[in-house]
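> Position 439 of the sequence shown, counting from 1, maps to 439 under UniProt numbering, and the rest follow consecutively. Built from N, CA and C at the ideal position, the CB exists for glycine as well.
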Amino acid sequence: VVSGDLKGRRGIVKSYPPPGSDGQCEVEIWPASGIPPQGPQDVELKMLPSKSVTAAEPRIPCPFGDAPIRRGVAVLWAHMWRLHAHMAPAVQVELSHRLLAAPKLGRAMTSIAIHGEGDRSGYIEIVRNMIKLQQCLVQALDFDSSPLLQLPHVKEVPKKGAPSLREVLESGGDEALLKRLGKFTPDQALDIQSFCRHAPLVELSTVVEVFDEDAIAEGDMATLKVTLTRSNLEEGEAVGPVHAPFYPGPKYEEWWILVYDDQGRRMITADVVLGTGRSETCNVNFMVPRHGDFRWRVIAMCDSYAGLDVECPVNFLGRKKSEVDRSIFIHPNDKELKSFFEELMMGLEKGDDDDSDSEEEEDKNAASKPMPSPAVVQAVEAEDDGGHLDNDDVKQMFKASEDVEEEKTPAVASKPSVEGDSDEEDEETLAIPNGVYYQIVEATGSFLHREPEEGLEFRLGSVPSGTILR
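Shown next, in the form of structure tokens:
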């Protein structure tokens, strides 16, 4: 409002006069503090001249001065204040795009805060605020709004005597509790009871253990096993998309598991559970930093519902290294066995290789020697029977055997040799198999694919530059 008794006050224009007229418009005047009204009692409806009303940027916390950033922040605040009825269609489309991208962005920002370096004493609040922001964006809630506003048909919450959201869910939408929230028709009460059956009621249980050990000692790599159970589901059931009427698309629950050290006042680690079953398990591995009593706290926060976070204490004792037996049991029959390194140093592997190599060489030499012809064999047998052979007879027999071998061996057409080529080059040429050859010329190499397509799912590996392929 730029003139009159209400000059400087802010609000929302409910109706405009016809274009070109100087009529009056209906304005919903907010409190003087500029904070959105918490109920009808904080709103004043006034009829003001259209000239006395002008558009103004809402009073929202934004440290940036760039117009696009401030516009985006204003649109998100309007969403959290549930002012969708006053948004133009183009603004609603813009809001939908921003909300659909918010879960990925929030998950990335939360992961960065979890793995931050330096002093981690205040990181737990940063992580919790990031998850709280995701809850507010999914359910269209202000940071200070009551979680009961997530219930269907609940527009405002009484300041006194209102139950908590968890109490309403555990009761299944009991009528006595609903009366403390307001008056609802039978159909509205059924909608609230349906929400109570769908919203998650989560229980936590934890176990700290060291694999294959009875005690936990400093320096051990321990595992914190966190089991998240949705008590509102039966065995074999899975939860569907969350109830979020102001969110433009389907959204599934994500539970962040935060491990916090109460004594050291710092966050140990965190993980996220994406499963939708009744019982989901999360294993958090950590190294026991010291000996003594540990008093930790496990916090489970849902990124889609506000007011349903649960906590569970984790207490365990870390012993000193000298108090536990970490010796490795070796069976008496295994003590005499030598390791591979010992066998290698003692030359056992070398002797075996020499024996195998000598046997292979003997087999090759035996195969390369020509088999004696039948004539030579007969001559040797005749000598064994008592006969006598002189040198001339032996030479004639060997010559006859060579003639027989030449007759049996088929003639091979000799390949015309090129002047200057050696026998070694001919052997290398004959050893090269037939085919088409390709050489990798790219400096960075090339990828190998299972199919003649360059998709990532068909990639097998890569070959370096200069490789020759057939």
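Measuring straight from C-alpha to C-alpha, what distance separates V380 and G347?
Reliability of the predicted coordinates at V380 is poor, the pLDDT of 43 falling under 50, and the value obtained from them is presented with this limitation in mind. Rounded to the nearest angstrom, the two C-alpha atoms are 45 Å apart.
> In angstroms with no decimal places, state the Cα-to-Cα distance between P163 and S327.
Roughly 57 Å between the two C-alpha positions.
> So M87 and L99 are supposed to be a Cβ contact under 8 Å. How far apart are they, rounded?
Not really, about 13 Å apart at Cβ, beyond 8 Å.
> Does DSSP put I330 in a helix, a strand or coil?
The answer is coil: DSSP assigns I330 none of H, G, I, E or B.
> Let me confirm a value: M301 is counted as buried when at least 16 other C-beta atoms fall within 10 Å, else exposed. Which label applies?
When all chains shown are included, M301 counts as buried.
> Under the rule that 16 or more other beta-carbon atoms within 10 Å means buried, what is E453, buried or exposed?
Exposed, by the Cβ-count rule.
> Identify the continuous beta strand (DSSP E) that holds V259 and give its terminal residues.
V259 -> beta strand (DSSP E) spans 255–261.
> On the three-pair Cβ rule with 8 Å, is the stretch 306–315 touching the stretch 284–296?
Output reads yes: the stretch 284–296 touches the stretch 306–315.
> Per DSSP, which residues does I12 bridge with? Please list them.
Its beta-bridge partners are E28.
> Where does P147 fall in DSSP's three states?
Note: P147 maps to helix in three-state DSSP.
> Mind checking which residues open and close the beta strand (DSSP E) that includes V288?
Looking at the DSSP string, V288 is not in any beta strand (DSSP E), and its letter there is neither H nor E.
> Determine the contact status of E237 and S304, defining contact as a CB-CB distance below 8 Å.
Not closer than 8 Å, so no.
> Can you give the beta carbon distance from V239 to P200, rounded, assuming they're within the 8 Å contact cut?
About 6 Å separates the two Cβ atoms, so the contact holds.
> List the residues that DSSP assigns as beta-bridge partners of L45.
For L45, which the question treats as bridged, DSSP gives the partners E28.
> Do three or more CB pairs link the stretch 137–151 to the stretch 269–289 at distances below 8 Å?
Flag = no, the stretch 137–151 and the stretch 269–289 do not touch.
> Determine the direct distance from the alpha carbon of N434 to that of V412, and round the result to whole angstroms.
Note that V412 scores 45 on pLDDT, short of 50, meaning its location in the model is unreliable and no value can be drawn from it.
> Output the distance between the C-alpha atoms of V207 and V43, rounded to the nearest integer angstrom.
Cα to Cα, the separation comes out at about 52 Å.
> Quick one: grab the DSSP three-state call for Q439.
Three-state result, Q439: strand.
> Is it right to say L105 is buried, meaning 16 or more other beta carbons lie within 10 angstroms of its own, or is it exposed?
Classification for L105: exposed.
> Taking all protein chains shown into account, do 16 or more other C-beta atoms lie within 10 angstroms of the C-beta of T110, making it buried, or fewer, making it exposed?
Buried, because 16 or more other Cβ atoms sit within 10 Å of the Cβ of T110.
> Is there contact here, the stretch 24–39 with the stretch 5–16, by at least three beta-carbon pairs under 8 Å?
Yes: the two stretches touch, three or more of their Cβ pairs being nearer than 8 Å.
> Can you give me the Cβ contacts of L469 inside the same chain, cut-off strictly under 8 Å, excluding the 5 residues immediately before and after it?
Excluding sequence neighbours, L469 sits near Y437, Y438, Q439, I440, V463.
> Of all the options V259, Q263, R230, which has the alpha carbon lying nearest to the alpha carbon of L308?
Taking only the C-alpha atoms, the option nearest L308 is R230.
> Report the residue from V73, K159, R278 whose alpha carbon sits nearest the alpha carbon of E235.
Answer by Cα proximity: R278.
> Less than 8 Å between C-beta atoms, sequence neighbours within five positions excluded: which residues of the same chain meet that for P17?
Cβ neighbours of P17 beyond the five flanking positions: G23, Q24, C25, S50.
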